Structure formats: structure tokens, C-alpha cells
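K.L.:
Please find one structure pasted underneath; my questions will follow.
Residue numbers (the working numbering): 1 to 637.
See the structure below:
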């Protein structure tokens, strides 16, 4: 642990020196005055006085260094039968063409641009055109409804929306432009212009979805063609200027817009690409996420290009496009060095292909590791993936708010011993304490609230968009001097972090505080279970009791009732009778958002008989209907 420990301790003792060295990984137009200014912002700001530009660091500097012919983006879309390799030079030219037109219609530094697109190359051009001229982009995930889109329009007040005519999925077409038009009609804020990319019929897009409102809308392809060749220099921006606004998933009512500033973010990303993911210039990173989520922002859009690597832009699903071998095919075809996905994707692959037959045709000699994040990774699934290709599967923990891993196994420094269920150790800049509900630090191995000492490291949110007081109330008030992660878990004697659940998933069974994550881990070890979730529900006697939902592997032929009894016995054996685990139900699929997060709060409301509504980001509404029907046949409370 020598290399990691030395670096972590250096950051702990000399943070200005550590982050000052990391800042050399990016190009500055003007050096910063202070690495960290404790008197700026809500809790301090990083690299105050410095001038830089994210687009320059991700695109221009590689072209100027003579590497314009290198592929920057591999676009692979099995849902539309489209592929494209885009070089840094091509991206450089397309970004300038779009940026020039944006300036022509009045977009300038500080203006907001909302981007509503599927996983297509045009999203890269749109994002970097914004960053080039200093506009603040807000990418909204394509799963959001017109109503949710309207809420975000009213919050960030964009002058321009850049959209696609539609999204293409295995079993449906998502009418993006129609939803944008509905959202504009619903929103109080008036949007000046829209630029819309028409998905071609050759990519399975139906006709009739692309229409332009005269005076407001512009054809993306025409804009690019007519402005190709124009030169637009990168605007010199303050390191503390906003780069983007990203709304946290599942937001209702007043949205929570995470604001990311420029300097700290690109410095942190550049450092992690080497230290955490061990990806060097020219190597390929495949992150199977969506640009509407933080993982997509950080490790599809920005980080790979900042260090001059190649990123894979994948439009599809882990299964059904066309089979559970899609991810492995991409890793082989593009000679992927590091692969990053979510545990739920691996669980869905495991469910469809429990014996790994679809992985067998592929040879991945260049793949050094797989990384997972986004939700708790159960040890059983991680071991299954490890056995497929015999490379380490590295769990890391982070949040939309942090922008990069809080805890990880720093492959680029040294591969530390892996403890199943743990994202390993805190990354430099994150000082993690486990606190009880009164804010007192607890002993190693004791379950509690995971909180980070202030200040947060570079790359983390400095505040919420136009909502400093909401930021303080949400994250800083409960534990003064700390950022409250709202995650719960423990740190063991070796300093390894174990994130067991969100704090609202801690259940109190007859006075005993129990983690649903520990029960899920126990259930996931059953040989017939592909996925599971444990929810705390109301109980008249004990206050709360756990209720389990299980999804079986496809090749299981035994009766559901027998497996459910085995699950109850398993929890009693592993967790103990204190868990009072007596309710378990087999379902076809777990209700999830399109980013893969299980809708635990909605499930709880259904069972408890509280009012609930279908979230705007749900993947399959019928999964909630199935639980409704099951609840009618079972005894609760």
C-alpha cells in the first residue's frame, strides 16, 4: 500500500502542493493565484484566479500537439446499425462550426444551453461547442418526460436547446423533438432557439418526427455544413466559472441542479485517468453509461479526451442489442483498455447468460480491469464477472455531487487487495468519517453515516445552481464541518470503506438499526438469484421489517415458493433472527430507473399504502404494476 499511502498522506498534509502538481496535467491560459481559497464560495473554491477552457484541454491541445489524426470517439450503435470513428481533428472542426453558429444567434459566456439527445456523436459536438464559448450546458437524460424537462427549463433558463428528432431503443422510438416542443409550451421560461438533429431513416428512425418551427428552430446538419471551416477561439474562462448543471435523477418539485466548475473538475478528472483508471494517451476507455448521468459526463465526455485517450460512445443496452455478449464484443473490437459500467448491467447480463456462454468467443488481451459504480455492487456478481475474463473488477463509490470516485482501488498507483463489497480506500482529498446520528465519530466496524470533512476536493460541486441555501441545508447543516453523503456504512480496521445503503434505506427493526444492503448481499449469494432488493416496510409490532424481492436466473426451473423459503432461511443464518426477515416475493423484473437504480422508495410506498406516482425515469412501468398485484395477495403489517 506504499504508493497509495504516500500519495494520500501527501494530499492530507499538503493539499495545496498535491493539487498544484495535479494542475500541471491541464493547460492554463493564466496561472491561478491560489490553489485553494478558503474565503471564496460556500466552503472555499479551487484554483481561484486561474484561466482555462475545458474544450481547449479536451480537443485543441491534442490537435496542436500533432495528434489530430488519432481517433477521439468510437461511436457504436447496435440499435441503429451505425458506427463512426471521429478523429480529434474532425471533432475540432465540427465543434468550431457549431460554436460559430451559436455565437451568431447570440449565445455568449454564461448563457445556458440545454442538451436533450440520445447517445449520438452530436452530443459531443454540442457539449464542447458550449464549453468553447463559455456557455453553461445542461444535459438532460432522454428518459425524462416533457413535464420534467419543462421543470429543468424553468430552473436553468436556457437560451438555446439542442436536441435530436428521436431516440432509438430496441423496442421503441422516443420522440425527443416532440417532447421538447411540449416542454417549451409548458415552461414559463421562453426559449429563444432550438437546433435539432434529424436521425436518418437509414438508422431506423421513422419519418415525420422532424419538423422545424420557423424563426425558432434550425436544422443541425445544415448548421454544421454551412459553418464548416469557421474558426472560433476558445474563450478564456475562470477556473471557478460554471461548466455545467446536472440535475440529480428522480428530482421532483424544485430540481436539484448540481453545478460543476471548470478548473477543479478537469484537474480532478485528469488525475483520476492516470491514478484510478490507468488509461494513457491513445488508449481506449469504454464507459457504458449515458451522457445524461454523471458517469457519462465524467468518463465518456470529458476525462478520456482531456488526457488524449479514445472514448467509446455506445448507443444500446447490455442485453438485447442483440445479445448478452454486446459489451464483450465492443471491448474486443476497439481494443478497450479500461471498461466501466454499473453493477445492474452486469446483473442483467448474468441473468440472461448465467454460464457466460456469450463471453466465450471474445478475447480481451488488452483489457486490464473492469470498473463498476452507480449503486452497491454485490460480491457475487463481481466474482461472476471476474471469472469471465480473469481481470480485476474494481468497485468505486461516488455521487453526482462529487463528479469522480470518493473511494476506489487506484489501479494506476497500485492494485490494492480487493475486499468483496468494498470500493476500497478513500481517494486523495476525501477524508471520510463514520458518524452516529449525533455527529460523533464511531469506532472501526461500526455502522453509521458516511460524511466527508470539508473542504471537498477539486471537481466536487461548489454549490447547487442558484441555490446556496438549499446546498447548505441539504449537505452541510446536519453535521457541521462535514459534507453529509446521505450514504450509510462502515470503515473497517484496515480503512476500507463499506457503503451499505442510502441512509433512508436503514431500517429500524424493534430498535435494531439494520442495513438492507447487508441483506441484499446475503440474498445475492443464493445460486438461483440474478437480482434482488430488500425494502423496509411498516410493521405494527416492530416498527419496520424487511421485505425481499428476488429475480431468478433464466435457467431456474424450481418452484418460486421453495426458493423463497430458502431465502428466508439464508437471511436468518447470515444476518440472524434479529432481521425478522419473513417476507420475500419473486418478480419478473425489479422496478428501476433507466440508469439502473432500483426504485426502493416507490416500492415502499406501494406496500405501506402511501400515495405514489410513476417516476419520470422508470424503465418499465409494468414492474410496479406487478408489485401492486403481488401486494394484494400477501399479508403485510
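Cβ coordinates follow ideal geometry from the N, Cα and C atoms, glycine included.
This one's a predicted model, so the numbers in the text were calculated from it and none came from an experiment.
Could you tell me which of 608, 97, 532 sits nearest to residue 226, measuring between CA atoms?
P.N.:
If you number the chain shown from 1, residue 226 lands on position 226. Of the listed residues, the one whose Cα sits closest to residue 226 is 97.
K.L.:
Could you check where the beta strand (DSSP E) with residue 169 kicks off and where it finishes?
P.N.:
If you number the chain shown from 1, residue 169 lands on position 169. 167-169 is the span of the beta strand (DSSP E), which, as asked, contains residue 169.
K.L.:
Suppose contacts are defined by Cβ-Cβ distances below 9 Å. Is residue 140 in contact with residue 114 by that definition?
P.N.:
For the purposes of this step, residue 140 is taken as the residue at position 140 of the chain shown. For the purposes of this step, residue 114 is taken as the residue at position 114 of the chain shown. Contact: yes.
K.L.:
How about residue 598 and residue 624: are their beta carbons less than 9 Å apart?
P.N.:
Residue mapping note: residue 598 aligns to position 598 of the chain shown, counting from 1. Residue mapping note: residue 624 aligns to position 624 of the chain shown, counting from 1. No.
K.L.:
Please look up how many angstroms separate the CB atoms of residue 75 and residue 83, rounded, as I've assumed it's under 8 Å.
P.N.:
Taking the first residue of the chain shown as 1, we reach residue 75 at position 75. Taking the first residue of the chain shown as 1, we reach residue 83 at position 83. Contact holds; Cβ gap of about 6 Å.
K.L.:
How about residue 426 and residue 432: are their beta carbons less than 9 Å apart?
P.N.:
Locating residue 426 in the chain shown gives position 426, where the first residue counts as 1. Locating residue 432 in the chain shown gives position 432, where the first residue counts as 1. Yes, they are a contact pair.
K.L.:
Run through the segment 380-407 for me and flag every whole beta strand (DSSP E) of 3 or more residues, listed as ranges in chain order.
P.N.:
DSSP runs (the beta strand (DSSP E)) wholly in the segment 380-407: 393-395.
K.L.:
Give a yes or no on whether the C-beta atoms belonging to residue 236 and residue 472 are separated by under 9 Å.
P.N.:
Taking the chain shown and counting its residues from 1, the one referred to as residue 236 is at position 236. Taking the chain shown and counting its residues from 1, the one referred to as residue 472 is at position 472. Result no, Cβ atoms of residue 236 and residue 472 do not sit closer than 9 Å.
K.L.:
Between residue 679 and residue 44, which are expected to be in contact by the criterion C-beta below 8 Å, what is the C-beta distance as a whole number of angstroms?
P.N.:
The chain is shown only over 1 to 637; residue 679 falls outside these bounds and no answer can be derived.
K.L.:
Once you ignore the five residues that flank residue 410 on each side, which residues in its own chain have a CB closer than 6 Å to its CB?
P.N.:
Taking the chain shown and counting its residues from 1, one reaches residue 410 at position 410. For residue 410, where only same-chain residues beyond five positions count, the Cβ hits under 6 Å are 4, 275, 276.
K.L.:
DSSP on residue 7, reduced to helix/strand/coil?
P.N.:
In the chain shown, residue 7 corresponds to position 7, counting from 1. Of the three classes helix, strand and coil, the one that applies to residue 7 here is helix, per DSSP.
K.L.:
Is residue 565 helix, strand or coil when you go by DSSP?
P.N.:
Locating residue 565 in the chain shown gives position 565, where the first residue counts as 1. Looking at residue 565 - three-state DSSP - the assignment turns out to be helix.
K.L.:
Where does residue 449 fall in DSSP's three states?
P.N.:
As a first step, residue 449 is located in the chain shown; it is residue number 449 there, counting from the start. Three-state result, residue 449: strand.
K.L.:
With DSSP as the reference, identify every bridge partner of residue 172, one or two as the case may be.
P.N.:
Looking up residue 172 in the chain shown gives position 172. Answer is 169, bridged to residue 172.
K.L.:
Look up residue 409 in the DSSP assignment and say whether it is helix, strand or coil.
P.N.:
Along the chain shown, one-based indexing puts residue 409 at 409. In this structure, residue 409 counts as coil in the three-state DSSP scheme.
K.L.:
Am I right that residue 247 and residue 257 are in contact with their C-beta atoms under 8 Å? What's the rounded C-beta distance?
P.N.:
Stepping through the chain shown from its first residue, residue 247 is reached at position 247. Stepping through the chain shown from its first residue, residue 257 is reached at position 257. So it is a contact: roughly 5 Å between Cβ atoms.
K.L.:
With a cut-off of 8 Å, do at least 3 Cβ pairs link the segment 213-226 to the segment 20-28?
P.N.:
Taking 8 Å as the limit for Cβ pairs, the verdict is that the segment 20-28 does not touch the segment 213-226.
K.L.:
At which residues does the beta strand (DSSP E) containing residue 119 begin and terminate?
P.N.:
As a first step, residue 119 is located in the chain shown; it is residue number 119 there, counting from the start. Unbroken run through residue 119: none, as it is neither H nor E.
K.L.:
Going straight from the alpha carbon of residue 293 to that of residue 403, what length do you get?
P.N.:
For this step, residue 293 is matched to residue 293 along the chain shown. For this step, residue 403 is matched to residue 403 along the chain shown. C-alpha separation (whole angstroms): 10 Å.
K.L.:
Cα-Cα, which of 352, 437, 456 is closest to residue 399?
P.N.:
Numbered from 1 along the chain shown, position 399 holds the residue referred to as residue 399. Closest by alpha carbon: 456.
K.L.:
Taking Cβ to Cβ, would you say residue 379 is nearer than 9 Å to residue 396?
P.N.:
In the chain shown, residue 379 corresponds to position 379, counting from 1. In the chain shown, residue 396 corresponds to position 396, counting from 1. Not a contact, by the Cβ cut-off of 9 Å.
K.L.:
Between which two residues does the alpha helix (DSSP H) harbouring residue 15 extend?
P.N.:
Looking up residue 15 in the chain shown gives position 15. First-last of the alpha helix (DSSP H) with residue 15: 15-22.
K.L.:
Which residues mark the beginning and the end of the beta strand (DSSP E) in which residue 235 is found?
P.N.:
Locating residue 235 in the chain shown gives position 235, counting from the first residue. First-last for residue 235: undefined, no H or E at that position.
K.L.:
Could you pull out every residue in the same chain whose Cβ sits closer than 7 Å to the Cβ of residue 499, ignoring the five residues on either side in sequence?
P.N.:
Mapped onto the chain shown, residue 499 falls at position 499. If we look at residue 499 and ignore the five residues flanking it on each side, its Cβ neighbours are 376, 397, 423, 450, 487, 489.
K.L.:
Whole angstroms is fine: what's the gap from residue 222's alpha carbon to residue 367's?
P.N.:
Working through the chain shown from its first residue, we reach residue 222 at position 222. Working through the chain shown from its first residue, we reach residue 367 at position 367. Straight-line Cα distance between these residues: approximately 40 Å.
K.L.:
Could you have a look at residue 460 and say whether DSSP puts it in helix, strand or coil?
P.N.:
Counting from one through the chain shown, the residue named residue 460 turns up at place 460. Coil.
K.L.:
Identify, in the order they occur along the chain, each residue of the same chain with its Cβ nearer than 6 Å to the Cβ of residue 333, setting aside the five sequence neighbours on each side.
P.N.:
Stepping through the chain shown from its first residue, residue 333 is reached at position 333. Result list for residue 333: empty, nothing under 6 Å.
K.L.:
What does residue 74 pair with, by DSSP beta-bridge criteria?
P.N.:
As a position in the chain shown, residue 74 is number 74, starting the count at 1. Residue 74 pairs with 85, 312.
K.L.:
Please classify residue 577: does DSSP put it in a helix, a strand, or coil?
P.N.:
The residue you call residue 577 lines up with position 577 of the chain shown. Three-state result, residue 577: helix.
K.L.:
Take residue 147 as the anchor and find which of 129, 182, 158, 170 has the nearest alpha-carbon.
P.N.:
On the chain shown, residue 147 is found 147 positions in, with the first residue counted as 1. Answer by Cα proximity: 182.
K.L.:
Please go through the same chain and pick out, in chain order, the residues whose beta-carbon is closer than 8 Å to the beta-carbon of residue 89, but skip the five residues on each side of it.
P.N.:
One-based indexing of the chain shown puts residue 89 at position 89. Excluding sequence neighbours, residue 89 sits near 63, 68, 69.
K.L.:
Suppose the cutoff is 7 Å on Cβ atoms and the five residues either side in sequence are ignored; what does the same chain contact list for residue 42 look like?
P.N.:
The residue given as residue 42 occupies position 42 in the chain shown. Cβ neighbours of residue 42 beyond the five flanking positions: 462, 463, 468, 471, 472.
K.L.:
Which whole runs of the beta strand (DSSP E) in the segment 252-285 are 3 residues long or more, in chain order?
P.N.:
Runs found: 257-261.
K.L.:
The beta strand (DSSP E) that contains residue 351, what's its start and end?
P.N.:
For the purposes of this step, residue 351 is taken as residue 351 along the chain shown, with counting starting at 1. No beta strand (DSSP E) holds residue 351; the alpha helix (DSSP H) holding it covers 343-352.
K.L.:
Does DSSP put residue 531 in a helix, in a strand, or in coil?
P.N.:
Here residue 531 is taken as the residue at index 531 of the chain shown, counted from 1. In the structure shown, residue 531 sits in a strand (DSSP, three-state: E or B).
K.L.:
Spell out whether any CB of chain D is found under 9 Å from the CB atom of residue 263.
P.N.:
Protein chains in the displayed structure number just one, and chain D is not present.
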